[in-house]
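Number of protein chains: 2
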Amino acid sequence: MEDVEAQRKIKSLGNSIVTEIKTGKNPRFVTASRTKSNITYDTKEGYLKLGRAKEERNFINVAQSKRFMQTIAIAAKCDKFIKENLHTTIRGLFYQLKYSLGEDVDESIFSEQAESNPLIEDLEAALEVKREELNLNATRRGVLAGNMKILDRFGGEKVEIDCTKQGRSGWSIPSDVDNDIEFVNVKAKYVLIVEKDAVWSRLNEDGFWKKENCILITPQGQATRGTRRLIRKLADMNLPIYVFTDSDAWGWYIYWTIKTGSINLAYIGKDVATPEARFIGVTMSDIDKYEFLKKLTINATEMDIKRAQEMMGYEWIKKYKEWVQELEIMIKSKKKIEQDALQGPRLTFVGDYLREKIKNNAVMP
Amino acid sequence: MEDVEAQRKIKSLGNSIVTEIKTGKNPRFVTASRTKSNITYDTKEGYLKLGRAKEERNFINVAQSKRFMQTIAIAAKCDKFIKENLHTTIRGLFYQLKYSLGEDVDESIFSEQAESNPLIEDLEAALEVKREELNLNATRRGVLAGNMKILDRFGGEKVEIDCTKQGRSGWSIPSDVDNDIEFVNVKAKYVLIVEKDAVWSRLNEDGFWKKENCILITPQGQATRGTRRLIRKLADMNLPIYVFTDSDAWGWYIYWTIKTGSINLAYIGKDVATPEARFIGVTMSDIDKYEFLKKLTINATEMDIKRAQEMMGYEWIKKYKEWVQELEIMIKSKKKIEQDALQGPRLTFVGDYLREKIKNNAVMP
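Structure (structure tokens):
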């Protein structure tokens, strides 16, 4: 049970503070620095992570004592949630902190949620736990269908969910895919991630995951923590991960976030990045092969073009000549292609496109 | 099968045009006018609907012939989708129209999706069918748990989904809850709609729907067409419908959209409005009863206050003195309350709050 691990870590933090107090030292809280200057791209591993810089917060320090107290209050609340075996969100936590800090403290030391949110990240980084292990749920989004089963122990219930029997709906990916949940009988050849729910539904209706024996996921836009973590776990089962998005700024962002992680979550980079992921399309070069796409491009926005130019400068992108070429085509042509455009000739074409790309391994790094 | 009904209506539209051509008349397409001036609030029925104004579009009319052609092209594509028994979205439809209009027409008469979208609504209004019956899916969002089963016939699959066995995830509400889908064994006492997914998850973890024998739905923000239609269908089964939102502009908007429908969907108002719905909270007056809430209010935004002032003028709101009073409290105090605040004293308090309100029928119209 990872929960127990999180509790042990909170207790250990508490003990070290008590020891400092008893030995007449200034109680301190040390966490990894999450400032931009401490975020690096790990070339060897292929994801964004934190460097070695630390941040220290002391109790006896006018500028730091309030935040020190707030951080400890958050740790105490999370410890309580774990003991109660109940989950909430960072907003629920904020309201508990605002309501009361405990039996002895009547003063509200939190006035806005903007105060508590970064301190939760501090705690995650300091204890090397994810907030999900502190019983704090993040926003969930994302849906899955395919040959696998879920064992879900939740709220006093134990259920088995068969992801081949979810009809048009699919299985909703929860915030936490690590604790009290298991993935069993994962009998698929690969994982296909489709940016848009609408295109996922099209493929689901065609039985794509059944015919191809794959796991079909849509993050429904940008992938949440839960969906990114699930993709990481599926990659750990040695399943190839393919990502299919629009050929535009937003689509690329979805791909690179899944692959290398993001600045915001660099502090848990290893757990949510999937450097093994490959990009299946839509590519600007697809126009050479699928002539009809020329007719179905739409005008790139200024944001698309600005983003493409920025991406040419990222070390983890510019090292791939295929990506440099892609970005150059978009900047020059000022056009973009949506994944929905592949429904142009006929609704089922999108599946054929994917099948051919995967069969020929016509993917980008 | 409603699909067949939609096809029959498309055919009948086609036949009337053919007859007009054969008899030397100017082919015409008549639909209900969806302009604001033709939208009325039906005092007796309690929802927003279209009035009697019609809009006519003629083929032999320089200003109208392109849109006439486009509308017919859309009808033809939808007829094809129904025959193929395949679904897409209004975006997928757009790309098919852009790709080709048929064997004989090579000219692309659509350049932007903004052109085809309103014409689909024209067709829905003219034929008195919902786009879901034309095999066009809308955005889906919303999750459900509770004592009911779904029979889903989709993509050559037939599945039974038990909404008591969906664990932390719940059952995802699809775009279309009318065709090839059935709700059976609906054995619940009432339906509770919770604005936020996070609060829904809290209640789901507490087994609220099991203890109360209710159906627990979250629209995950503003309710989609599918979720609104599902609520309407559950109300038709004589289940009381309770809505629980934040006490702010966005929360009220969610409630009133579920209850009276919206201007955008007035053309299918009857099918998506649930005038029987009752508002459970959070109310500004809750502060009188739950003293701690005073500490947990947050500042109302300008938008919240402006919206409250506007709402005082709506005939379907100002007729209720309870609502006028609520809005006055918010305008005067410039405060609002989130539903998450009910987790302040303890995480499980939100369930107790709801139980008490429902037991005492302490709801607003």
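Residue numbers (my numbering), protein chains in the order written: chain B, 696 to 1060; chain A, 696 to 1060. Virtual Cβ for every residue (Gly too), placed ideally from N, Cα, C.
Separation of residue j from residue i, as counted between CA atoms
i: A833 of chain B; j: D1047 of chain A; result: 24 Å
i: E907 of chain A; j: P1040 of chain A; result: 22 Å
i: E997 of chain A; j: I1026 of chain A; result: 10 Å
i: W945 of chain B; j: K1014 of chain A; result: 46 Å
i: Y962 of chain A; j: I734 of chain A; result: 8 Å
i: G850 of chain B; j: L792 of chain B; result: 24 Å
i: W1011 of chain A; j: E1023 of chain A; result: 16 Å
i: I868 of chain B; j: M764 of chain B; result: 35 Å
i: V886 of chain B; j: I1053 of chain B; result: 11 Å
i: E750 of chain B; j: G921 of chain A; result: 49 Å
i: M696 of chain B; j: S811 of chain B; result: Unreliable positioning characterises M696 of chain B in this predicted model, as indicated by a pLDDT of 46, which lies under 50. The coordinate reading is nonetheless provided below. Approximately 27 Å, taken between the alpha carbons.
i: E828 of chain B; j: N874 of chain B; result: 7 Å
i: A1003 of chain A; j: W895 of chain A; result: 26 Å
i: S760 of chain A; j: I888 of chain A; result: 45 Å
i: P914 of chain B; j: F776 of chain A; result: 26 Å
i: N754 of chain A; j: T766 of chain A; result: The question names Asn, but residue 754 of chain A is Phe in the sequence shown. C-alpha separation (whole angstroms): 11 Å.
i: F878 of chain B; j: I953 of chain B; result: 20 Å
i: E700 of chain B; j: I815 of chain B; result: 17 Å
i: D941 of chain A; j: A820 of chain B; result: 32 Å
i: L911 of chain B; j: I936 of chain B; result: 10 Å
i: S806 of chain A; j: I993 of chain B; result: 9 Å
i: W866 of chain B; j: L839 of chain B; result: 5 Å
Residue i (DSSP reduced to helix, strand or coil)
i: E697 of chain B; result: Residue placement at E697 of chain B cannot be trusted, given a pLDDT of 47 that sits under 50; what the coordinates show is reported in the next sentence. Note: E697 of chain B maps to helix in three-state DSSP.
i: R848 of chain B; result: strand
i: M764 of chain B; result: helix
i: E971 of chain B; result: coil
i: I815 of chain B; result: helix
i: L960 of chain A; result: coil
i: I868 of chain B; result: coil
i: L1042 of chain B; result: coil
i: N994 of chain A; result: strand
i: D931 of chain B; result: helix
i: N710 of chain A; result: helix
i: M843 of chain A; result: coil
i: V1019 of chain A; result: helix
i: M1025 of chain A; result: helix
i: Y1009 of chain A; result: coil
i: Y950 of chain B; result: helix
i: D999 of chain B; result: helix
i: K720 of chain A; result: coil
i: D1047 of chain B; result: helix
Neighbour-count burial assignment, residue i, 16 or more Cβ in a 10 Å radius
i: P813 of chain B; result: exposed
i: R703 of chain B; result: exposed
i: D983 of chain B; result: exposed
i: Y742 of chain A; result: buried
i: E779 of chain B; result: exposed
i: D857 of chain A; result: exposed
i: T714 of chain A; result: exposed
i: Y790 of chain A; result: buried
i: A918 of chain B; result: buried
i: N1056 of chain B; result: exposed
i: E1051 of chain A; result: exposed
i: M843 of chain A; result: buried
i: R747 of chain B; result: exposed
i: T730 of chain A; result: exposed
i: T978 of chain B; result: buried
i: S732 of chain B; result: exposed
Proximity test, residue i beta-carbon vs the ligand FAD heavy atom, cut-off 7 Å
i: I868 of chain A; result: Ligands are entirely absent from the displayed structure, and the ligand FAD is therefore not among its contents.
Assumed close pair residue i, residue j - CB separation to whole angstroms, cut-off 8 Å
i: K860 of chain A; j: V854 of chain B; result: 5 Å
i: G902 of chain A; j: F939 of chain A; result: Not really, about 17 Å apart at Cβ, beyond 8 Å.
i: K1031 of chain B; j: D999 of chain B; result: 6 Å
i: T955 of chain B; j: I926 of chain B; result: No, T955 of chain B and I926 of chain B are not in contact; Cβ-Cβ is about 13 Å, not under 8 Å.
i: D1035 of chain B; j: A995 of chain B; result: Actually they are not in contact, since the Cβ atoms of D1035 of chain B and A995 of chain B sit about 16 Å apart, beyond 8 Å.
i: D737 of chain A; j: K825 of chain A; result: Contact flag wrong, Cβ pair sits at about 19 Å.
i: W904 of chain B; j: G862 of chain B; result: Their Cβ separation, rounded to whole angstroms, is 13 Å, which puts W904 of chain B and G862 of chain B out of contact at 8 Å.
i: T783 of chain A; j: L1042 of chain B; result: 5 Å
i: E900 of chain A; j: L781 of chain B; result: 7 Å
i: I705 of chain B; j: L822 of chain B; result: 7 Å
Just list the alpha helix (DSSP H) runs in the region 722-789 of chain A, keeping only unbroken ones of 4 residues or longer that don't cross its boundaries, in chain order.
DSSP runs (the alpha helix (DSSP H)) wholly in the region 722-789 of chain A: 760-779.
Continuous alpha helix (DSSP H) assignments of at least 4 residues falling wholly in the region 870-922 of chain B:
Complete alpha helix (DSSP H) runs here, min 4: 892-900, 903-907.
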